[in-house]
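**Q** Protein chains in written order, with the numbering used here: chain W, 1 to 217; chain E, 1001 to 1271. Sharing a structure here in structure tokens format.
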């Protein structure tokens, strides 16, 4: 297995970078979209609220594999032709936006209503309430869930090879089929995914600790 | 019609220099990029080494691009087999440079090129498994092949002629089928002979090819779309491949990748 790892280190690194690049772009693009959705689902306007719910149900309720194929193979039929990597980022971003919006919604809902009312009594503006009262508490509540979502997205990104993006999983498959050593190849991929997950969780823990310290001050 | 207009509009927007794009080939030469779809998990035809797609088809493409499209850059996308023909139909790439086994249904739906290799079916077993001495010994045993492949269709056709039908498992690609054969979950894998010889050559302690081959002689070819737009590109590939078959270049490459030259006609046999 060590020979396989050394012989193929360059392409494996490329695979890891593709996996990380696509995942982070998707998370970053999905975040603002998720926030918009979370806000929309708290609106009084029924149409706005419904539309947000339909979007979230669709992207949470259908398999990512199907979503990828949809974006890559069906969009060209209406004249939108995205290159493979961009199609992967767009599909995963649309998907994670739905999951992130639920995290944001739950986070905002967890802030006690009494605090918001108290702030209103004190004459704080809507924006001030969001920035000073709701957001700081919500972020602390949401952080573990957001780290979890990032980890889930990295795992889900292993499907993007179906639309011709050569990620870590595809690299392992390529190595498996040219060397006829599938077990070792997939074991290497597994170890690399575990390494990515460990680093991401460590970053998440660090952030959580930081926020706790801030709270203590 | 609407679709045509959209495509034309998109091409014009992306490519303001070339005035009116006549067809696929002229757009390829104008843009300087030929995009092809490949399933790079089919050694020795096409596989990945050090991040590059190499193999028999890689060598052919190198020669072909130099002689026919010297100014054009070749972009080879690697995607699973199940996405290759749908991707071609959805115009995700211009042409398919991956071993497509010739079948009547595929000849109706796609433009298949001049044959590039012999694809006659054979059986792979675990080394030293005495219970399989000929293809007919697959009767009643668990066997595997790739989902959506012509090899699977051939296996299913052959299985019907046996008294005791084999239990057939299907896989996303052949690597998984080989892995299951090695693990003992199935007793045989059906694929085209050149691929099986490569598997046995790479892991002689694990795999062994069963002689003889079975079924009708079949061929591998490449594929384009059947529309008017693709006609000149299809013709260019055909002319180049025919030339390479006739001047012995392909025979040399077969010697290099398969250890022996194949007897290849310079056109697909009539249906």
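Backbone N, C-alpha and C define an ideal beta-carbon position, used for all residues, glycine too.
Taking a Cβ distance cut-off of 8 Å, strictly less, list which residues of the segment 1037–1069 of chain E are near chain W, in chain order.
**A** Answer in chain order: 1037, 1040, 1041, 1042, 1043, 1047, 1048, 1049, 1050, 1051.
**Q** Assuming contact is defined by CB atoms lying nearer than 7 Å, are residue 1215 of chain E and residue 1121 of chain E in contact in what I supplied?
**A** Within the second chain, the letter at position 215 stands for residue 1215 of chain E. Within the second chain, the letter at position 121 stands for residue 1121 of chain E. Yes, they are a contact pair.
**Q** Examine chain W for any beta-carbon lying closer than 7 Å to the beta-carbon of residue 1202 of chain E, and answer yes or no.
**A** Translated into positions along the second chain, residue 1202 of chain E becomes position 202. Output row for residue 1202 of chain E: interface = yes.
**Q** Count Cβ pairs between the segment 1218–1226 of chain E and the segment 1129–1142 of chain E that sit closer than 8 Å; are there 3 or more?
**A** Too few Cβ pairs lie closer than 8 Å, so no.
**Q** Note down the Cα distance separating residue 1081 of chain E from residue 208 of chain W, rounded to an integer number of angstroms.
**A** Sequence index remark: in the second chain, residue 1081 of chain E carries index 81 (1-based). Sequence index remark: in the first chain, residue 208 of chain W carries index 208 (1-based). Each residue's Cα considered, the two are about 44 Å apart.
**Q** Under the three-state reduction of DSSP, which class applies to residue 10 of chain W: helix, strand or coil?
**A** As a first step, residue 10 of chain W is located in the first chain; it is residue number 10 there, counting from the start. Three-state DSSP puts residue 10 of chain W in a helix.
**Q** Tell me, please, whether the CB atom of residue 1030 of chain E is closer than 7 Å to any CB atom in chain W?
**A** Here residue 1030 of chain E refers to the residue found at position 30 of the second chain. Taking Cβ atoms only, chain W never reaches closer than 7 Å to residue 1030 of chain E, which makes this a no.
**Q** If you run the structure through DSSP and keep just helix, strand and coil, what is residue 80 of chain W?
**A** For this step, residue 80 of chain W is matched to residue 80 along the first chain. The answer is coil: DSSP assigns residue 80 of chain W none of H, G, I, E or B.
**Q** For residue 38 of chain W and residue 215 of chain W, what's the separation of their Cα atoms in angstroms?
**A** On the first chain, residue 38 of chain W is found 38 positions in, with the first residue counted as 1. On the first chain, residue 215 of chain W is found 215 positions in, with the first residue counted as 1. Roughly 25 Å between the two C-alpha positions.
**Q** Could you name the residues that DSSP lists as bridge partners for residue 1191 of chain E?
**A** For the purposes of this step, residue 1191 of chain E is taken as the residue at position 191 of the second chain. Per DSSP, E:1122.
**Q** Which parts of the segment 1094–1180 of chain E are runs of the beta strand (DSSP E), unbroken and 3 residues or longer, counting only runs that do not cross its ends?
**A** Those beta strand (DSSP E) runs which fall completely within the segment 1094–1180 of chain E and span 3+ residues are 1095–1101, 1121–1126, 1142–1146, 1167–1171.
**Q** Given that residue 163 of chain W touches chain E, what residues does it touch there, using C-beta distances under 8 Å?
**A** Counted from its first residue, the first chain places residue 163 of chain W at position 163. Chain E residues near residue 163 of chain W: 1079, 1083.
**Q** By Cβ distance below 7 Å, which residues in the same chain neighbour residue 1058 of chain E in space, the five residues on each side in sequence not counted?
**A** Indexing the second chain from 1 puts residue 1058 of chain E at position 58. Taken in chain order, the residues that qualify are 1046.
**Q** Would you say residue 1077 of chain E and residue 40 of chain W are within 7 Å of each other, going by their C-beta atoms?
**A** Counting from 1 along the second chain, the entry for residue 1077 of chain E is found at position 77. Counting from 1 along the first chain, the entry for residue 40 of chain W is found at position 40. Not in contact: residue 1077 of chain E and residue 40 of chain W (Cβ atoms no closer than 7 Å).
**Q** Work out the CA separation of residue 33 of chain W and residue 134 of chain W for me, nearest whole Å.
**A** Numbered from 1 along the first chain, position 134 holds the residue referred to as residue 134 of chain W. Numbered from 1 along the first chain, position 33 holds the residue referred to as residue 33 of chain W. Approximately 19 Å, taken between the alpha carbons.
**Q** What span of residues does the beta strand (DSSP E) with residue 129 of chain W cover, start to end?
**A** By one-based count along the first chain, residue 129 of chain W stands at place 129. Segment: none, residue 129 of chain W is in no beta strand (DSSP E) and carries neither H nor E.
**Q** What residue ranges within the segment 1036–1071 of chain E form continuous alpha helix (DSSP H) runs of no fewer than 4 residues, ordered along the chain?
**A** For the segment 1036–1071 of chain E, whole alpha helix (DSSP H) runs of length 4 or above, ordered along the chain, are 1056–1068.
**Q** Nearest to residue 1185 of chain E by CA position, among E:1192, E:1102, E:1169, E:1271, is which residue?
**A** By one-based count along the second chain, residue 1185 of chain E stands at place 185. The candidate whose alpha carbon is nearest that of residue 1185 of chain E is E:1169.
**Q** Contact criterion: CB-CB distance below 7 Å. Does residue 1175 of chain E meet it with respect to chain W?
**A** As a first step, residue 1175 of chain E is located in the second chain; it is residue number 175 there, counting from the start. Chain W contact via Cβ: present.
**Q** Would you list, in chain order, the members of the segment 1090–1124 of chain E that have their beta-carbon closer than 9 Å to a beta-carbon of chain W?
**A** So the list reads 1090, 1091, 1092, 1093, given in the order they occur along the chain.
**Q** Grouping DSSP H, G and I as helix and E and B as strand, with all else coil, what is residue 159 of chain W?
**A** In the first chain, counting from the first residue as 1, residue 159 of chain W sits at position 159. Reduced to three states, the DSSP call for residue 159 of chain W is helix.
**Q** Residue 1074 of chain E by DSSP, collapsed to three states: which one?
**A** Working through the second chain from its first residue, we reach residue 1074 of chain E at position 74. Three-state result, residue 1074 of chain E: strand.
**Q** Determine whether the Cβ of residue 11 of chain W lies closer than 7 Å to any Cβ atom of chain E.
**A** Locating residue 11 of chain W in the first chain gives position 11, where the first residue counts as 1. With 7 Å as the cut-off, residue 11 of chain W counts as an interface residue toward chain E.
**Q** With burial defined as no fewer than 16 other Cβ atoms inside 10 Å of the residue's Cβ, what is the status of residue 166 of chain W: buried or exposed?
**A** For this step, residue 166 of chain W is matched to residue 166 along the first chain. Residue 166 of chain W comes out buried.
**Q** Which residues of chain E have a Cβ atom closer than 8 Å to the Cβ of residue 100 of chain W, listed in chain order?
**A** Looking up residue 100 of chain W in the first chain gives position 100. The contacting residues do not exist; residue 100 of chain W stays about 28 Å from chain E at best.
**Q** Consider the Cβ of residue 1223 of chain E: report whether some Cβ of chain B lies at a distance smaller than 7 Å.
**A** Among the protein chains of the structure shown, namely W and E, there is no chain B.
**Q** What separation, rounded to the nearest whole angstrom, lies between the Cα atoms of residue 226 of chain W and residue 157 of chain W?
**A** Residue 226 of chain W lies beyond the residue range present for chain W, which begins at 1 and ends at 217; the question has no answer from this structure.
**Q** For residue 189 of chain W, which residues of its own chain have a beta-carbon under 7 Å away from its beta-carbon, when the five flanking residues on both sides are left out?
**A** Position 189 of the first chain holds residue 189 of chain W. These residues qualify, in order along the chain: 168, 169, 172.
**Q** Considering only their Cβ atoms, is the gap separating residue 1035 of chain E from residue 1094 of chain E smaller than 7 Å?
**A** Numbered from its first residue, the second chain carries residue 1094 of chain E at position 94. Numbered from its first residue, the second chain carries residue 1035 of chain E at position 35. Contact: yes.
**Q** Alpha carbon to alpha carbon, what distance is there between residue 1126 of chain E and residue 1187 of chain E?
**A** Position 187 of the second chain, counted from the first residue, corresponds to residue 1187 of chain E. Position 126 of the second chain, counted from the first residue, corresponds to residue 1126 of chain E. Going from the Cα of residue 1187 of chain E to the Cα of residue 1126 of chain E covers about 7 Å.
**Q** Return the Cβ separation of residue 1124 of chain E and residue 1207 of chain E in integer angstroms, given the expectation that the two are a contact with Cβ distance under 8 Å.
**A** Taking the second chain and counting its residues from 1, the one referred to as residue 1124 of chain E is at position 124. Taking the second chain and counting its residues from 1, the one referred to as residue 1207 of chain E is at position 207. Going by Cβ atoms, the distance from residue 1124 of chain E to residue 1207 of chain E rounds to 6 Å, so yes, they are a contact pair.
**Q** Could you pull out every residue in the same chain whose Cβ sits closer than 7 Å to the Cβ of residue 1246 of chain E, ignoring the five residues on either side in sequence?
**A** For the purposes of this step, residue 1246 of chain E is taken as the residue at position 246 of the second chain. Hits under 7 Å: 1266.
**Q** Please report the distance separating the alpha-carbon of residue 1071 of chain E from that of residue 210 of chain W.
**A** Position 71 of the second chain holds residue 1071 of chain E. Position 210 of the first chain holds residue 210 of chain W. Rounded to the nearest angstrom, the two C-alpha atoms are 56 Å apart.
**Q** Can you give me the start and stop residues for the beta strand (DSSP E) that residue 1213 of chain E sits inside?
**A** Position 213 of the second chain, counted from the first residue, corresponds to residue 1213 of chain E. Here the beta strand (DSSP E) through residue 1213 of chain E covers 1207–1214.
**Q** Quick one: list the residues of chain E neighbouring residue 173 of chain W, beta-carbon separation under 8 Å, in chain order.
**A** Mapped onto the first chain, residue 173 of chain W falls at position 173. Within 8 Å Cβ-Cβ: 1041, 1173, 1175.
**Q** Please compile the residues from chain E whose C-beta is within a distance smaller than 7 Å of the C-beta of residue 215 of chain W.
**A** Stepping through the first chain from its first residue, residue 215 of chain W is reached at position 215. By Cβ distance, chain E contributes nothing, its closest Cβ being about 47 Å from residue 215 of chain W, past 7 Å.
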